[in-house]
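Report on the structure given below.
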């Protein structure tokens, strides 16, 4: 409104008018995008101290986990080939499938170091894809949980029903393939008790597996996948099954078999009797028996300690490198002379 | 409005006329005056009161509408008889529907609209694939969730918008109209939506018109009604409409009950708001109806007590409704680029899927014997005794299935949520742009408008700005500055800076005081001269000069009340601001146009009211470039007054005149135009009785002829406009808008080239160029104004040779010019006119012009037609990758605005067509600077980061899934639960990117405004390019490796189950990508904190909830694994190891190779801005001194 000599009354009118319905946006720090804000910047101090801090934090953690892993005593014994008699080595599958052969297998293990109770007994399978898509979904959690859903066998094919159509409980490939090797231990002919209680998660026993669901028609088909279940024990008590049905994440996995509640002394000879029933021979699998103590980082695994040490020392190195860099090539932060158009003004 | 390039050119010769390069079509356009001629026939002269000057396109259209109406194709309306007009209820009621959906049609229609997006089809296909039992990777619910979510959000948004439209429709439809009741003959109130075709309505002053109506009667005895069409085309001046005399005499109503004899035949509804064709039969007489007899819905009645009309088009058939079309849809550069990267991602996706499928096949092949019995595979089904295969149909099929399944599993490689995030972010950005107080224009009370919602980020990459001049660079508020009378220059008013107290010429009429709304500074000498009663020749000429200014126009004076009851203002309404300026100038010098009725005008000449009969008016046309009136003054002399462009006027002057006077006038004109003033020459001739009679008969013949009326009228005009005395010339200042030179300087620094495209003549364009600092004295001007192809070619070749010559001096100016860093040693300006462009555009010379133009720093195109403006925009658009922006305010800018990548309309003086066609609209040219430099920069930076981040975020996740698949015998098992998979991109990580996309600012507004050079980062695509994309993807691969393999190696040979490890992975990846975002955030507001940390918290809660559902295999897993130290160590390790490369590279790059933006950030942070600013200002100051 750049009227040179506009009438004042008119201007006043216009001002009133404008005020009445001005669309001028109301000022607020939000709408003008002027909210208070923190503006972090990677200054040399911040960069160096970040790296140094990580280094200082990670190296002790790495050392601690390495030592924890060192303290874990572990006995690993692969028995799948050794437990096949010499004459059956050529056709292991036939040996394992035959119901007539004696599958008992004995061996002695030496305790390398003192093992404090509880000593965990694991079986370890290799090349067994518990995470295979066909397998991992082949279960029905409703059926496992309550008797009402006994007939619920969706996803369970081909182990859903018997030939006459009555449901298999528990149905599905996972339950069907339940691991059925057994181990017993003795020191100097004195049997060591293996505690098989509380090897499964309490939450699974309480919620996932029903106390009124009893095995039915299980392992009755033409092909035996694994262990049979005692039909008089409800699923919530079948801890081996529960452990087995927590499908493993990776094709090489351990599952808890039981615990030895007594300490094992170094150099003790443990004689192990293995019932080698489970068929891993048809798919080039491996079976191992593991006795292990635990620590705060779980079983024996040096990886994390090494990883932490590596990352920690890398960070310390980077901190040093950045210090050197900042000393060798100093640059004032926010110096306008570094702006591209100030650096080469003729290209402006 | 209809987008057909329709323009209304204005009166004066200088400006904005469409240069008609082809001969005008011969048919006339005066058909609508036929009726008014008869209306005013008692004066013996046709009535020229209503004059509008139309462009060629409109003339053509009107000409075509002169064709006879075919009866079969016309609408028949019985006046006052809706039943007869529309017996079968075929025409719509007057209710309107701007809403797109009804509650019933909402679902199907909205879905249909949404699925027009190709990517949605992709996601739908995946959902459908997933429903096949062999391929069911996810549960049914989980697979459809992301798509359903995206569709739902969009649908809710659409529904809300539609609900608002419904509400406004309802209000509109329920407004009251007064409709004639045929029985009682009284006007009864009825709701708008119930109005039917054929009904007779009465509209009072200041009321809106409910439907398109043919006028039957008005309160004015001559049948004139004034309407304001601001809602229709945005023009605020009043337009005149007429009722036919035949119906005027007996308005329907109480006195004259409607007889059904009145029948109107008119064309079927169409969207041409400037055309109407029909005829009316009253009392057996047939009268024709034109656009001047119809008033349209959306207009307001002004200055007329009442009108009565009959509804001819209602509801959806009204012209305003037929013209309502949405904002144009454009796609932003960034989105186009993004689609390229999306294709790349698809390629990666297909590669991943192929790897999985092939490995799957190999694995199956290697293990084909083993799998018969393997417990986890069970190829054979023994359940019912037969030996058949369970769910296995050969390697080939399995491979194929594996491929499709992996597409399903890895689908989020293409980020579905990105599309919805982008829309939300743009919405947020638009909110802030609209709310920005810096983009609010006080004078027009208009906010910034975002009409297109999908090209916000383009504002950050503009390289070329094509600007209109009038109304864009200048205010389009004309001010009379100088007069040259008989070669004597009177510029006193311009020079005297103090307010001249006597400037107001006040008319006292009884107790009433009338004065013009605006006054002009007057030249005291000229005022004295006028007061001397015309004793001298000079004084006589001066009086005639101002008399000519007062009567040779089409201005309608309106008397407006003010707060002071004794005082009234005269407001000059007219379509041309120049005419208004001249009329106000005449008024200030004592020649006040007080009244215009049909046939005569009343002018207060220095205190005496005098009546002048307007006997004839020759309108402006682009051939003659002048207009003239023939008036009969109080002394019964008949005078012809002509005003026009100098070149057209000096051709028709009297031969035996004082040549020195002409030369002096020419010198004055030259002086005026070099000051940037718009000049007009005024001349007159006294007509003898004989001459007048000859003219009159020719004029009436021409006026009543049916064929070629326009041509005949033009011939009549040319015949009489000759042998003129030159009275003088006027200089009108076209004021620059506030802050234009500064804005142009800022844009120049920002590497934006500003080209001015104007309809003005060369001298005016150049002078405006200088006054807005576009041109400087140091520049070498290359002027091209030729009128043959040959000379154009030579000129261009000379220009090429010239810049080659300069190229020898400076290393590579052409390259520099192309990259936007033109050398300062030689700066060139190209000035080219419309005629030359005719020979250049769309010919072989275009390439040459492109080379020259891009090498020049400034390009000024003058005398260009609207289509040529678009042609120049596409000259750049088709040859370079640079983004173009067109800004303009007038209808003649529409084509340019639509052609450019970004079109901006100035909501100013000229109509709203430019705004309607634009993507963004604002009040002032200078807002371009904060819009581009601040909002554009932010939008671009935010959107670019958001797109890259979305790609990265989804890629990390997909790669984690992929690594896991390698350990599941390639069978597409996911450790992460399917619910987490689908929630990942829509819940776990969506909100922070949106918040950052809306709020984050790399630099403060102040810094961006201080250093326009920072804008160049957008022009160079610094924030989004293939290199950045590749680096981001590499980072994504590394982070996925870290996220997957650290837990993998730590948990290998352990008792961990699928779900626990899955929970670890999902938590790790969500925290990692959020930390990644956190390291890139420039400004932490509390909202950002809430979004980033809240999202991590929300993820944890979601994972916990999922693990509390006992039907899922992962029941309680999260609690178990969170209880172990290994979990926390893995989490920490993943985050640190994952972030290490990103953080180190970022720190290194910011320190060693800081971008301008980085340095500016540091300055921002350490408050070095102020010191630096001082320095810059000093520099600028010294530059100015030089």
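Residue numbers (my numbering), protein chains in the order written: chain A, 2 to 349; chain B, 6 to 1191.
We treat Cβ as the ideally placed atom computed from N, Cα and C, and that holds for glycine.
key: Interface partners of residue 210(A) on chain B, CB under 9 Å   = Stepping through the first chain from its first residue, residue 210(A) is reached at position 209. Neighbours of residue 210(A) across chain B, judged by C-beta separation under 9 Å, do not exist; the nearest C-beta is about 10 Å away.
query = Could you check where the alpha helix (DSSP H) with residue 285(B) kicks off and where it finishes?
reply = Within the second chain, residue 285(B) is the residue found at index 280, counting from 1. Not the alpha helix (DSSP H): residue 285(B) falls in the beta strand (DSSP E), residues 283 to 287.
Test: residue 342(A) CB closer than 9 Å to a CB of chain B = In the first chain, the residue the question calls residue 342(A) occupies position 341. Residue 342(A) counts as touching chain B.
query = Is any beta-carbon of chain B found at less than 9 Å from that of residue 129(A)?
reply = Along the first chain, read from residue 1 onward, the residue named residue 129(A) stands at position 128. Yes, residue 129(A) counts as interfacial toward chain B.
ask   = What is the DSSP secondary structure of residue 484(B), reduced to helix, strand or coil?
value = Within the second chain, residue 484(B) is the residue found at index 479, counting from 1. Reduced to three states, the DSSP call for residue 484(B) is strand.
ask   = Any beta-carbon of chain A closer than 9 Å to the one on residue 1129(B)?
value = In the second chain, the residue the question calls residue 1129(B) occupies position 1124. So yes, residue 1129(B) belongs to the interface.
inquiry  = Between 174(A), 116(A), 108(A), which has its C-alpha nearest residue 138(A)'s C-alpha?
reply    = In the first chain, the residue the question calls residue 138(A) occupies position 137. The shortest C-alpha separation from residue 138(A) is found at 174(A).
request  = Give a yes or no on whether the C-beta atoms belonging to residue 1067(B) and residue 979(B) are separated by under 9 Å.
outcome  = In the second chain, counting from the first residue as 1, residue 1067(B) sits at position 1062. In the second chain, counting from the first residue as 1, residue 979(B) sits at position 974. Residue 1067(B) is a Cβ neighbour of residue 979(B), given a cutoff of 9 Å.
ask   = From what residue to what residue does the alpha helix (DSSP H) around residue 1094(B) run?
value = The count along the second chain starts at 1 and reaches residue 1094(B) at position 1089. 1091 to 1111 is the extent of the alpha helix (DSSP H) around residue 1094(B).
query = Should residue 302(A) be labelled buried (16 or more other beta-carbon atoms within 10 Å of its own) or exposed?
reply = As a first step, residue 302(A) must be located in the first chain, where it is residue number 301. Counting Cβ neighbours within 10 Å, residue 302(A) comes out buried, since at least 16 surround it.
message = I'd like to confirm something about residue 156(A): is its beta-carbon nearer than 8 Å to some heavy atom of the ligand ZN, or not?
response = Questions concerning the ligand ZN fall outside what the structure shown contains, since it holds no ligand whatsoever.
inquiry  = For the segment 1017 to 1036 of chain B, list every residue whose C-beta sits within 9 Å of some C-beta in chain A, in sequence order.
reply    = Result list: 1018, 1019, 1021.
inquiry  = Using a Cβ-Cβ distance cut-off of 9 Å, determine whether residue 336(A) contacts chain B.
reply    = On the first chain, position 335 is the one that residue 336(A) refers to. It does: the Cβ of residue 336(A) has a partner Cβ on chain B nearer than 9 Å.
With 16 other Cβ atoms within 10 Å as the buried cut-off, status of residue 436(B) = Locating residue 436(B) in the second chain gives position 431, counting from the first residue. Residue environment analysis places residue 436(B) among the exposed positions, since fewer than 16 neighbouring C-beta atoms fall within 10 angstroms of its C-beta.
ask   = Taking the alpha helix (DSSP H) that residue 423(B) falls in, what are its first and last residues?
value = Here the question's residue 423(B) lines up with position 418 in the second chain. Residue 423(B) -> alpha helix (DSSP H) spans 421 to 440.
query = How many whole angstroms separate the CB atoms of residue 240(A) and residue 298(A), which I take to be in contact at a CB cut-off of 8 Å?
reply = One-based indexing of the first chain puts residue 240(A) at position 239. One-based indexing of the first chain puts residue 298(A) at position 297. Not really, about 25 Å apart at Cβ, beyond 8 Å.
inquiry  = Tell me the DSSP secondary structure of residue 106(A) in three-state form.
reply    = Looking up residue 106(A) in the first chain gives position 105. If DSSP states are grouped into helix, strand and coil, residue 106(A) belongs with the strands.
ask   = If we count the other Cβ atoms within 10 Å of its Cβ and call it buried at 16 or more, is residue 96(A) buried or exposed?
value = As a position in the first chain, residue 96(A) is number 95, starting the count at 1. Residue burial is scored here from C-beta neighbours: residue 96(A) has at least 16 other C-beta atoms within 10 angstroms and is therefore classed as buried.
request  = Give the range of the beta strand (DSSP E) segment to which residue 585(B) is assigned.
outcome  = Walking along the second chain from the start, residue 585(B) turns up at place 580. From DSSP, residue 585(B) is part of no beta strand (DSSP E) but of the alpha helix (DSSP H) over 582 to 593.
task = Leaving aside the five residues before and after residue 1122(B) along the sequence, list all residues of the same chain whose C-beta is less than 6 Å from its C-beta, in chain order.
result = By one-based count along the second chain, residue 1122(B) stands at place 1117. Hits under 6 Å: 1064, 1065, 1068, 1112.
request  = Identify every residue that forms a DSSP beta bridge with residue 270(A).
outcome  = To locate residue 270(A), count along the first chain from 1; it is residue 269. For residue 270(A), DSSP records a beta bridge to 111(A).
ask   = With 16 as the cutoff for other CB atoms within 10 Å, does residue 706(B) come out buried or exposed?
value = In the second chain, counting from the first residue as 1, residue 706(B) sits at position 701. Burial check for residue 706(B): the Cβ neighbour count within 10 Å stays below 16, so the residue is exposed.
query = Nearest CA to the CA of residue 666(B): which residue from 546(B), 150(B), 443(B)?
reply = Position 661 of the second chain, counted from the first residue, corresponds to residue 666(B). Of the residues 546(B), 150(B), 443(B), the one whose Cα lies closest to the Cα of residue 666(B) is 546(B).
CA nearest to the CA of residue 113(B), picked from 157(B), 96(B), 147(B) = In the second chain, residue 113(B) corresponds to position 108, counting from 1. Of 157(B), 96(B), 147(B), the residue nearest in Cα terms is 157(B).
Beta-carbon gap between residue 792(B) and residue 840(B) smaller than 9 Å = Sequence index remark: in the second chain, residue 792(B) carries index 787 (1-based). Sequence index remark: in the second chain, residue 840(B) carries index 835 (1-based). Yes, the Cβ-Cβ distance between residue 792(B) and residue 840(B) is below 9 Å.
message = According to DSSP, residue 617(B) sits in a beta bridge with which residue or residues?
response = Position 612 of the second chain, counted from the first residue, corresponds to residue 617(B). Residue 617(B) pairs with 606(B).
message = Please report the distance separating the alpha-carbon of residue 455(B) from that of residue 715(B).
response = As a first step, residue 455(B) is located in the second chain; it is residue number 450 there, counting from the start. As a first step, residue 715(B) is located in the second chain; it is residue number 710 there, counting from the start. If you take the alpha carbons of residue 455(B) and residue 715(B), they lie about 42 Å apart.
inquiry  = Let me make sure I understand the geometry here. Which of 985(B), 1161(B), 1061(B), 1042(B) has the alpha-carbon closest to that of residue 1146(B)?
reply    = Mapped onto the second chain, residue 1146(B) falls at position 1141. With respect to the C-alpha of residue 1146(B), the residue from 985(B), 1161(B), 1061(B), 1042(B) having the closest C-alpha is 1042(B).
task = May I ask you to report which of helix, strand or coil DSSP gives residue 1234(B)?
result = Not covered by the structure: residue 1234(B). The range shown for chain B is 6 to 1191.
Segments assigned alpha helix (DSSP H), at least 4 residues, entirely inside the segment 856 to 925 of chain B = Segments of the alpha helix (DSSP H) lying fully in the segment 856 to 925 of chain B: 871 to 884, 899 to 904, 918 to 922.
inquiry  = So, for residue 857(B): in the same chain, excluding its five sequence neighbours on each side, which residues have a beta-carbon less than 8 Å away from its beta-carbon?
reply    = Position 852 of the second chain holds residue 857(B). Counting only residues of its own chain and dropping the five nearest sequence neighbours on each side, residue 857(B) has a CB closer than 8 Å to the CB of 787, 801, 804, 805, 808, 835.
message = Within a Cβ cutoff of 8 Å, which residues of the same chain sit near residue 361(B), ignoring the five residues on either side of it in sequence?
response = In the second chain, the residue the question calls residue 361(B) occupies position 356. The answer, listed in chain order, is 407, 408, 411, 967, 970, 975, 977.
inquiry  = According to DSSP, is residue 707(B) part of a helix, a strand, or is it coil?
reply    = Residue mapping note: residue 707(B) aligns to position 702 of the second chain, counting from 1. Three-state DSSP puts residue 707(B) in a helix.
inquiry  = Counting only beta-carbon separations shorter than 9 Å, does residue 85(A) have a partner in chain B?
reply    = For the purposes of this step, residue 85(A) is identified with residue 84 of the first chain, where counting begins at 1. No, residue 85(A) lies away from the interface with chain B (no Cβ there is under 9 Å from its Cβ).
message = Just to confirm the assignment, what range does the alpha helix (DSSP H) spanning residue 257(A) have?
response = Start at 1 with the first residue of the first chain, and residue 257(A) comes out as number 256. Premise fails: residue 257(A) lies in the beta strand (DSSP E), 254 to 261, not in any alpha helix (DSSP H).
message = Across the segment 142 to 158 of chain A and the segment 992 to 1010 of chain B, are there enough close Cβ pairs to call them in contact, namely three or more that are closer than 8 Å?
response = Contact between the segment 142 to 158 of chain A and the segment 992 to 1010 of chain B is absent: fewer than 3 CB-CB pairs across the two stretches fall below 8 Å.
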